[in-house]
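Each remark here refers to the structure printed beneath this line.
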Amino acid sequence: MFNSDSPFYGAETASAWLENDASLQLSDLMDPLLEVEMVFTAKENLLPSDSLAELLDKVSVSAGVELPDSRFKDWFASLPKYLVVADGAVGGRVVYTKATGREVSVDDLANVACTLTLNGKELGSGKSSEVLGNPLNSLQWLVKKILLSNSVCRV
Numbered sequence: 028m029f030n031s032d033s034p035f036y037g038a039e040t041a042s043a044w045l046e047n048d049a050s051l052q053l054s055d056l057m058d059p060l061l062e063v064e065m066v067f068t069a070k071e072n073l074l075p076s077d078s079l080a081e082l083l084d085k086v087s088v089s090a091g092v093e094l095p096d097s098r099f100k101d102w103f104a105s106l107p108k109y110l111v112v113a114d115g116a117v118g119g120r121v122v123y124t125k126a127t128g129r130e131v132s133v134d135d136l137a138n139v140a141c142t143l144t145l146n147g148k149e150l151g152s153g154k155s156s157e158v159l160g161n162p163l164n165s166l167q168w169l170v171k172k173i174l175l176s177n178s179v180c181r182v
């Protein structure tokens, strides 16, 4: 998708992150999608040398729903990747739950199944392993990418 060989990432604003049970006006968005996400919140500095298990120890895990959006109408799958990046990687809104507070393993995070429904009708389903084999792999990739850009990945 978007003819890219790596994931997209971009800066997010605090106002785009909404806690569970938040109200959201779709009229505030242009043309949003809906994606189920695993949200990682750093509890301490993340290092590019961290293993997946070390990263898991340094983060809390929450469930989330992302509404990617763009300033361009009818953007999905037709917008060139350079405009996706210039548009902040189509950041829209993220609604997230409190951290699970449960002990989870690296393998547990690769085996989370989810089904989205609306009024009893299934819209889609998937498994967390569809995210680079394990969502922690995407976190590890991002930490390395940020630090290679001479940025700091600190709490």
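In our numbering, the protein residues as written are 28 to 182. Think of the CB as a built atom: it goes at the ideal place given N, C-alpha and C, for glycine as much as any other residue.
- Beyond the five residues adjoining it in sequence on each side, Gly151 comes within less than 8 Å, by CB distance, of Thr142, Leu143 in the same chain, given in chain order.
- Secondary structure note for Glu157: it is in no alpha helix (DSSP H), with a DSSP letter that is neither H nor E.
- Put simply, the backbone Cα of Ser50 is about 12 Å away from that of Trp44.
- Collapsing the DSSP output to three states places Ser152 in a strand.
- Taking 9 Å as the cut-off, the Cβ atoms of Leu94 and Val170 do not count as close.
- Judged by DSSP secondary structure, Ala69 falls within the beta strand (DSSP E) whose first and last residues are 62-69.
- When Gly160, Trp168, Leu56 are compared, the shortest CA-CA separation from Ala137 is found for Gly160.
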